[in-house]
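See structure below.
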Amino acid sequence: MDGQISFTFEQRQPIKGYPELHWTGKRPYTSTQYYPAQLKESYGEPKDGWMNKIFWGDNLQVMSHMLKEYRGKIDLVYIDPPFDSKADYKKTIEIKKKKTFSDMSAFEEKQYSDIWTNDEYMQFMYERLILIRDLLCETGSLYLHCDYHRSHYLRCILDEVFGSNNFINEIIWKRRGGALNNSKSFGQLTDTILLYGKTSMYKFKQIRTKDTPETQEYIKQRFVYDDGDGRLYSRDPVTNPSSTPTPSLIYEYKGYQPPEKGWAFSYETMVEWDNKGKLYFPANKSQRIRRKTFLDEYEGQPVQNLWGDIYVINSQAREALNYPTQKPEALLERIINTSSDEGDVVFDCFMGSGTTQAVAMKLGRRFIGADINLSAIQTTTKRLITASNDLDNTKYTGFEIYNVNNYDFFRNPVEAKELIIDALGIQKFDSSTVYDGELDGWMVKIMPTNRIATKADLEELKANLPYHTFEKRKEENPNGVVEKIKIICMGHEADLKASLEQELSSYNLEIEIVDILRDKKDLQFKREADANVVKENNQIIIKEFYPMNLLQKLSMQKESVEDWRQLVESIYIDWNYDGQTMRPTICDIPAKDELVSGIYKIPASADKIKIKITDLLSESLELEV
């Protein structure tokens, strides 16, 4: 069975003379298991047998899933992971076409937190970098985007995982725009991008630019001559750069004597350039011939490791999506053009707003993306649909959306915990700092439901166990069981139980691991939205839509909403739903200041109809009509 498939990783031997980063609780990451994925939505058509893929779930599980098909097949990875910035990232939710709403018609919604303990962050990144390395092909490379908070630690981890000999560059992005004024320190205007190759055979194409301040100054100083037709040019030497004379390049041309070491190119090339009007001949033949470099043909200077020519995203930018930490497309264009070819596979497992995927699509690359945040999945979906409408059939525009390990069941940890308690009949504890409840004599601990349980997740449990009670029970009955503990999780590390038993071996404990996805697949979340949808006059008409969570956050009643469409980000309709995968042919994604239609003509070929309505919080109501 797929769930029993496991993968082991090559263990790199420590290199003498190189430091290795250590942290509390550092654990070798030597293997992982396969996690299944469920195809949920499909957009567009395949090209050359390929469909791009977007995965929703914990990227550790996502990459573990990908190993089965893509191990050693990814050409380029760009990631913009958490920086451990201690920030809560929020985006503004604002009602579309606001008219007479109250002051509560806009609010900030938390997207995600970037708050870690140092040791948790190190282990988190360490495990994911090992998986990324395994997914990369031999000519592949990784760009890791970070900042001053943890860049020094991440480079040490990258040296350990990839090998210090595979370090290529430390790129400094000096963000244009976004100046900071800090009275107690120098403003932080830079991010760091660490570039590593899987091997020494990595792909790399030199990129040139005209947009750096240095190049602009160079252009201003050098391109000062006019060819008589308004074309500006510079006059550049045509002297042989060799340290020794080259006899074949020593020749007279039109009465101009050669330099001591000869011209820069052959007589034939000199004639060719002359015929094209690309040579300058001084009136005084004792001076040297010069080459004309026209400004409109000048490609710029080679890009160095200081990138100061790319602007940050601001609220007025055309590509702005109101998504925290969104990166500019120009940044990804440079990375993708430098380190991949058309048709290559580009991967980003911290996808966010989908910049990597959108740029990869436009540049003719295949792509895979992943994110744990539902808003990221919805934002990227809309972005890719919109981008694909402007591209021809030479690009890889079709894509599919998957849930990994049934992640959609457990995206809301609070709701998931309550669901589990109700479904299993657990007697809930309201005041316990250790257990969540009791079930048939077992003490129940529910692990985080939005990812697999790891050994690190057991630390809180171990720290709060009632050891005084254990000691007393052990004293009273030396051979008896001091506690029966049932741990409930959504997937877990293979040796989780053994690890806990070993660390608590001084006590006679009964420990049971319950995998909800394996043992309880019929869990269903209650709907947080409702809609009034009817068929009239051969049309689908959405008359009302009530996204209850959004309305509550806006402190509104249903009757207070002037037009339900103001609460909607998008509507997708599949006219022939097969019962498993949505393949929408209607993708109603209005512009920022526009509204969805809400009325859709039913085609003659329609059968079972499925509708997906997504609100401003990126929460969706799916219903069949």
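Residues 0 to 624 in numbering that gives the first Met the number 0 are what the sequence shown spells out, letter by letter. For each residue, glycine too, the CB sits at the ideal point set by N, CA and C.
According to DSSP, what are the bridge partners of ARG207?
What you label residue 207 is simply residue 208 of the sequence shown in a count that begins at 1. Bridge partners of ARG207: PRO301.
By a C-beta neighbour count over all protein chains shown, 10 Å radius and 16 as the cutoff for buried, is LYS611 buried or exposed?
As a first step, residue 611 is located in the sequence shown; it is residue number 612 there, counting from the start. Classification for LYS611: buried.
Short check: CB of SER247 to CB of GLY261, under 9 Å?
By one-based count along the sequence shown, residue 247 stands at place 248. By one-based count along the sequence shown, residue 261 stands at place 262. Their beta carbons are under 9 Å apart, which means SER247 touches GLY261 by this criterion.
Go through the segment 480–542 residue by residue and report every complete run of the beta strand (DSSP E) that reaches 3 residues or more, in order.
Listed in chain order, they are 482–488, 508–514, 528–535.
Could you compute how far the alpha carbon of LEU550 sits from the alpha carbon of PRO18?
Here the question's residue 550 lines up with position 551 in the sequence shown. Here the question's residue 18 lines up with position 19 in the sequence shown. Whole-angstrom Cα-Cα distance: 54 Å.
Nearest by alpha-carbon distance to THR378: which of LYS326, ILE425, GLU568 is it?
Start at 1 with the first residue of the sequence shown, and residue 378 comes out as number 379. Ranking the options by Cα distance to THR378, first place goes to GLU568.
Looking at PRO281: is its Cβ nearer than 9 Å to the Cβ of ARG289?
By 1-based counting over the sequence shown, the position of residue 281 is 282. By 1-based counting over the sequence shown, the position of residue 289 is 290. In this structure, ARG289 lies closer than 9 Å to PRO281 by Cβ.
What is the C-beta distance between GLY48 and ASN402, in whole angstroms, given that I count them as a contact (C-beta under 8 Å)?
Numbered from its first residue, the sequence shown carries residue 48 at position 49. Numbered from its first residue, the sequence shown carries residue 402 at position 403. Incorrect: roughly 23 Å between the Cβ atoms, too far for contact.
Among the residues of its own chain, which have a CB less than 6 Å from the CB of TYR255, if the five just before and after it don't count?
Sequence index remark: in the sequence shown, residue 255 carries index 256 (1-based). Around TYR255: LYS284, ILE288.
Pull up the distance between the alpha-carbon of ILE384 and that of LEU373, whole angstroms please.
Counted from its first residue, the sequence shown places residue 384 at position 385. Counted from its first residue, the sequence shown places residue 373 at position 374. If you take the alpha carbons of ILE384 and LEU373, they lie about 17 Å apart.
Distance, Cα to Cα, LEU495 vs MET62?
As a position in the sequence shown, residue 495 is number 496, starting the count at 1. As a position in the sequence shown, residue 62 is number 63, starting the count at 1. Their Cα atoms are separated by approximately 20 Å.
Do ILE4 and LYS52 have their C-beta atoms within less than 9 Å of each other?
Translated into the one-based positions of the sequence shown, residue 4 becomes position 5. Translated into the one-based positions of the sequence shown, residue 52 becomes position 53. The answer is no: Cβ separation not under 9 Å.
Using only the alpha-carbon positions, how far apart do VAL481 and PRO465 sit?
By one-based count along the sequence shown, residue 481 stands at place 482. By one-based count along the sequence shown, residue 465 stands at place 466. The alpha-carbon atoms of VAL481 and PRO465 are separated by roughly 10 Å.
Once DSSP output is grouped into helix, strand and coil, what is the label at VAL270?
Numbered from its first residue, the sequence shown carries residue 270 at position 271. Of the three classes helix, strand and coil, the one that applies to VAL270 here is helix, per DSSP.
Given 8 Å as the limit, is there contact between the segment 335–346 and the segment 364–373, that is, 3 or more CB pairs closer than that?
yes
Look at the alpha carbon of THR584 and the alpha carbon of TRP306, and state the distance between them as a whole number of angstroms.
Along the sequence shown, read from residue 1 onward, the residue named residue 584 stands at position 585. Along the sequence shown, read from residue 1 onward, the residue named residue 306 stands at position 307. Spanning the two alpha carbons is a distance of roughly 41 Å.
Confirm, please, whether the CB-CB distance from LYS173 to THR189 is below 9 Å.
In the sequence shown, the residue the question calls residue 189 occupies position 190. In the sequence shown, the residue the question calls residue 173 occupies position 174. For THR189 and LYS173, yes; Cβs fall inside 9 Å.
How close, in whole Å, do the beta carbons of TYR576 and LYS609 come, if the pair is a contact with beta carbons under 8 Å?
On the sequence shown, position 577 is the one that residue 576 refers to. On the sequence shown, position 610 is the one that residue 609 refers to. Contact holds; Cβ gap of about 4 Å.
On a Cα-Cα basis, can you pick out the residue from PRO477, LEU460, HIS491 that is closest to ILE484?
The count along the sequence shown starts at 1 and reaches residue 484 at position 485. For ILE484, the closest C-alpha among the options PRO477, LEU460, HIS491 is that of LEU460.
I'd like the span of the beta strand (DSSP E) that includes GLN37, first residue to last.
Position 38 of the sequence shown, counted from the first residue, corresponds to residue 37. Counted as a single uninterrupted DSSP element, the beta strand (DSSP E) harbouring GLN37 occupies residues 36–42.
Do TYR322 and ALA316 count as a contact pair if the criterion is CB distance below 9 Å?
Position 317 of the sequence shown, counted from the first residue, corresponds to residue 316. Position 323 of the sequence shown, counted from the first residue, corresponds to residue 322. For ALA316 and TYR322, no; Cβs fall outside 9 Å.
How big is the Cα-Cα spacing for THR292 and LEU278?
Your numbering for residue 292 matches position 293 in the sequence shown. Your numbering for residue 278 matches position 279 in the sequence shown. Approximately 9 Å between the Cα atoms of the pair.
If we call anything under 9 Å between Cβ atoms a contact, is GLY139 one with LEU193?
Position 140 of the sequence shown, counting from 1, holds the residue named residue 139. Position 194 of the sequence shown, counting from 1, holds the residue named residue 193. It is not a contact, given that the beta carbons lie outside the stated cut-off.
Per DSSP, GLU623 forms a beta bridge with which residues?
Locating residue 623 in the sequence shown gives position 624, where the first residue counts as 1. Paired residues: LYS609.
If you run the structure through DSSP and keep just helix, strand and coil, what is HIS148?
The residue you call residue 148 lines up with position 149 of the sequence shown. It is coil, neither helix nor strand.
Can you tell me the Cα-Cα spacing of MET200 and PHE349, whole angstroms?
As a position in the sequence shown, residue 200 is number 201, starting the count at 1. As a position in the sequence shown, residue 349 is number 350, starting the count at 1. Rounded to whole angstroms, the gap between the alpha carbons of MET200 and PHE349 is 26 Å.
Comparing the C-beta of LYS209 with each C-beta of chain B, is any distance below 9 Å?
Absence of chain B from the displayed structure is noted, only one protein chain being present.
Just the Cα atoms here: how many angstroms apart are ASP273 and THR393?
Taking the sequence shown and counting its residues from 1, the one referred to as residue 273 is at position 274. Taking the sequence shown and counting its residues from 1, the one referred to as residue 393 is at position 394. Taking the straight line from one Cα to the other gives about 40 Å.
My output table needs one value for VAL76: the three-state DSSP class, helix, strand or coil.
Mapped onto the sequence shown, residue 76 falls at position 77. Strand, per DSSP.
Does DSSP classify MET50 as helix, strand or coil?
Indexing the sequence shown from 1 puts residue 50 at position 51. Residue state, collapsed to three classes: coil.
Enumerate in chain order the residues of its own chain whose CB-to-CB distance from LEU457 is below 7 Å, with the five nearest sequence positions on each side excluded.
Here residue 457 is taken as the residue at index 458 of the sequence shown, counted from 1. The answer, listed in chain order, is LEU499.
Can you grab the Cα-Cα spacing for the pair MET625 / ALA357, in whole Å?
The chain is shown from 0 up to 624; residue 625 falls before or after that span and cannot be answered.
Compare the Cα-Cα distances from ASP587 to each of THR580, GLY578, GLY597, TYR142 and report the closest residue.
On the sequence shown, position 588 is the one that residue 587 refers to. When only C-alpha atoms are compared, the closest one is GLY597.
Short check: CB of ASN239 to CB of PRO212, under 9 Å?
Position 240 of the sequence shown, counting from 1, holds the residue named residue 239. Position 213 of the sequence shown, counting from 1, holds the residue named residue 212. For the pair ASN239 and PRO212, the CB atoms are not nearer than the 9 Å cut-off.
Hey, could you find the ends of the alpha helix (DSSP H) GLN32 is sitting in?
Counting from 1 along the sequence shown, the entry for residue 32 is found at position 33. Boundaries around GLN32 are those of the beta strand (DSSP E), 30–32, since no alpha helix (DSSP H) includes it.
Under the rule that 16 or more other beta-carbon atoms within 10 Å means buried, what is VAL160, buried or exposed?
Locating residue 160 in the sequence shown gives position 161, where the first residue counts as 1. It counts as buried.
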